[in-house]
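Worksheet for the structure shown next.
There are 2 protein chains.
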Amino acid sequence: MSRRPAPPRGNQGIPEATIARLPVYLRVLYACGEQGIATVSSEELAAAAGVNSAKLRKDLSHLGSYGTRGVGYDVEYLVYQISRELGLTQDWPVVIVGAGNLGRALANYGGFASRGFRIAAVLDSDAAVIGTEVAGHIIQGADQIEQVVAQHRVSIGVIATPASSAQAVCDRLVAADVTSILNFAPMVLNVPAGVDVRKVDLSIELQILAFHAQRRSVVRVSEDGRPSYRRAGPADQNGDAVATAGGVVPAAVPGNATQPQVTGS
Amino acid sequence: MSRRPAPPRGNQGIPEATIARLPVYLRVLYACGEQGIATVSSEELAAAAGVNSAKLRKDLSHLGSYGTRGVGYDVEYLVYQISRELGLTQDWPVVIVGAGNLGRALANYGGFASRGFRIAAVLDSDAAVIGTEVAGHIIQGADQIEQVVAQHRVSIGVIATPASSAQAVCDRLVAADVTSILNFAPMVLNVPAGVDVRKVDLSIELQILAFHAQRRSVVRVSEDGRPSYRRAGPADQNGDAVATAGGVVPAAVPGNATQPQVTGS
DNA sequence: ACGCCCTTGTGAACGTTTGCACAAAGTCGG
DNA sequence: CCGACTTTGTGCAAACGTTCACAAGGGCGT
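Sequence order for the protein chains is A and B. Last residue of the first sequence: 291 (our numbering), numbering continuous. Last residue of the second sequence: 291 (our numbering), numbering continuous.
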């Protein structure tokens, strides 16, 4: 925002892109542990996580030198280190606002309660659902936000309300000292500096998919349509461009003859 | 991930980062249209979308020169252009696999049906829910995947199953010629090249939030704890690092004295 | 004890994304 | 019709992220 001429930037230095991948590594490591695997090489771990092995090593190197050359990484030890770095060794109470279809789905989501996160409360403003039970939690009124947040020391809030009330809920959460918000409402939240907002937006993801799908069907017209459908390494799952190696789409919709009216002029 | 010495790449040249933001602009533009606003400047649009105005202009410039200098962008025209670029002017049938809490939430999600996407079918493998209705759709058996995909020319599939069956469902979708997959299951899907996978993962988002929250609480110990809570411009909502406005973040975390037990050895 | 072989950790090159700053280009009032 | 003002579109440089390639380091067989 404001100019930073010579930012001292005490940023202790883990790149944001790395942070976003650590949870994926962590999940794979848990799976390894459950399989009884004691050590993994960067190559194996990278393949399972769907990334380049050099990237994985660089990511892990930001945490420290926790690997053993010639062997790999100790699964259990690495799990601990990543967990600590992400702050998962402490308990994070979470409040879910909005007990509609989505809110209930979230409350029932198993991976929620596990690994450090704990649902402190589920709130809603609809009197019809207040008092009913979801995933072992009695739904409380939305007017309890401040009290619940203070009582459980909540610092993470999940907004699963309609877009129309998302900003109001967000404001109340922020006023109650919640500094991390996960927003499922399809809108851009306005928050003060120092509050961290992440959004999960089905509609946006679908539109990105549609773009690639459309492009694929157009590109297919080009030469060299080798229909090789070989099972390659896992395509990048982090939103990078599609590989479009041998894109064999049937005969879907070329009809863009609908040249539109230019409204202005 | 084979080497690509000289990728012919018919990439017509819209950066991936831009594609990811276009849906946000589109949503803001729709909101403007509903408010009766006819034209917007890049500054206004950028503020509403939570991005830098220069970035917005550069993004839009990739689609063409659709603005008018000294005035701004015509809302309706820009909506059309972005929609066309994203491929939203055509109809995208979508199949949802998994009718649990999440699948039902998705099926009921309003923004789904609107703007180009249409639910072709909702499937599940649980005999207890097959035949019941969700959001106007009779839930069909998961063994109908191939038939439904072929019949409705589905090219986008949404996986809302437990992680344990996600890969199997994915394989069947891919075999049935679905080339775009939105994965809600908490796992990395393995797909052939040419298939586009995007993932939405609550657990990962929470862990990223936890990391920032943890860092913030450590940083707070530092000097200059000015509790200025002024309402600033919308903090970046795309997952970038938290602004932490006054955050000078100096001597954070020297305490790595807690050298843990090395399990192996 | 020694040397081979495997894997990590990282320097350096490359590509992508962001943000500034400004010229080009249009509108609008007089 | 003209000049002042506003806003777009973009060249450029810095920041950020990815990938390659390889030296450093450690285990393991002999």
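All C-beta atoms, glycine included, are put in the ideal place defined by N, C-alpha and C. The structure displayed is predicted, hence computed values, not measured ones.
As the crow flies, the alpha-carbon of B:Ala131 is around 9 Å from that of A:Arg130.
When secondary structure is reduced to three states using DSSP, A:Asp227 falls in the coil class, being assigned neither helix nor strand. Chain order gives the chain B residues near A:Ile182 as Leu232, Leu235, Ala236 and Ala239, where near means a beta carbon separation below 9 Å. The beta carbon of A:Ala46 sits closer than 8 Å to some beta carbon of chain B.
Put simply, of B:Arg83, B:Asn209, B:Gln116 and B:Val223 the residue whose alpha carbon is nearest the alpha carbon of B:Ala192 is B:Asn209. In the pairwise beta carbon analysis, the stretch 147-155 of chain B is classified as touching the stretch 173-192 of chain B: at least three pairs are separated by under 8 Å. Any Cβ of chain B closer than 8 Å to the Cβ of A:Leu55 would place that residue at the interface, and such an atom is absent. Secondary structure note for A:Gly129: it is in no beta strand (DSSP E), and the uninterrupted alpha helix (DSSP H) holding it is Asn127 to Asn134. Between A:Asn134 and B:Asn134, the C-beta gap is not smaller than 8 Å, which leaves the two residues out of contact. Considered as a whole, the stretch 64-120 of chain B harbours 98-100 as its complete beta strand (DSSP E) runs of no fewer than 3 residues, in chain order. Within the same chain, Cβ atoms closer than 7 Å to the Cβ of B:Val54 are found at Leu71, Ala74 and Ala75, the five residues on either side in sequence being excluded.
Judged by beta-carbon spacing, B:Arg144 lies within the 8 Å limit of B:Pro119, meaning their Cβ atoms are closer than that value. Collapsing the DSSP output to three states places A:Ile165 in coil.
Judged by beta-carbon spacing, B:Ala202 lies beyond the 8 Å limit of B:Ala168, meaning their Cβ atoms are not closer than that value. Per DSSP, the unbroken alpha helix (DSSP H) holding A:Arg198 starts and ends at Ala189 to Ala201. Chain-ordered, the chain A residues with CB closer than 8 Å to the CB of B:Ala75 read Val214.
The C-beta of A:Val50 comes closer than 8 Å to at least one C-beta of chain B. Excluding its 5 nearest sequence neighbours in each direction, B:Leu112 has C-beta neighbours in its own chain below 8 Å: Ile45, Leu48, Pro49 and Leu52, listed in chain order.
Apart from sequence neighbours up to five positions away, the residues of its chain that approach A:His88 with a beta-carbon distance below 6 Å are Ile40 and Thr44, ordered along the chain.
Interface annotation for the stretch 120-135 of chain B against chain A: Val120, Gly126, Asn127, Leu128, Arg130, Ala131, Leu132, Asn134 and Tyr135, criterion Cβ-Cβ distance under 8 Å. Using a C-beta cut-off of 8 Å, the stretch 221-241 of chain A makes contact with the stretch 206-224 of chain B, since at least three inter-stretch Cβ pairs fall below that distance. Taken through DSSP and simplified to helix, strand or coil, A:Gly137 comes out as helix. Assigned with DSSP and collapsed to three states, B:Ala57 falls in helix. Close partners of B:Arg144 in chain A (Cβ separation under 8 Å) are lacking, with about 11 Å as the shortest Cβ gap. Here DSSP, grouped into helix, strand and coil, assigns A:Ser181 to coil. Contact between A:Ile63 and A:Val101 is confirmed by a C-beta separation of about 6 Å, below the 8 Å threshold. For B:Ile207, the enclosing beta strand (DSSP E) stretches over residues Ser206 to Asn209. For B:Asp169, no chain A residue has a C-beta closer than 8 Å to its own C-beta; the minimum C-beta separation is roughly 22 Å. Residue pairing for A:Arg144: DSSP places it in a beta bridge opposite A:Pro119. Interface criterion met: the Cβ of A:Arg224 is under 8 Å from a Cβ in chain B. Among the residues facing chain B, A:Arg83 is not included, as its CB has no counterpart in that chain under 8 Å away. Just measuring C-alpha positions, the residue of B:Phe138, B:Lys84 and B:Asn78 sitting nearest A:Pro212 is B:Phe138.
With fewer than 16 neighbouring CB atoms inside 10 Å of its own CB, A:Ala194 falls in the exposed class.
Distances from the alpha-carbon of B:Asp117 to those of B:Gln233, B:Ile182, B:Asp197 and B:Val174 put B:Ile182 closest.
Between B:Thr187 and chain A, the shortest Cβ-Cβ separation is not below 8 Å.
When secondary structure is reduced to three states using DSSP, B:Val160 falls in the strand class.
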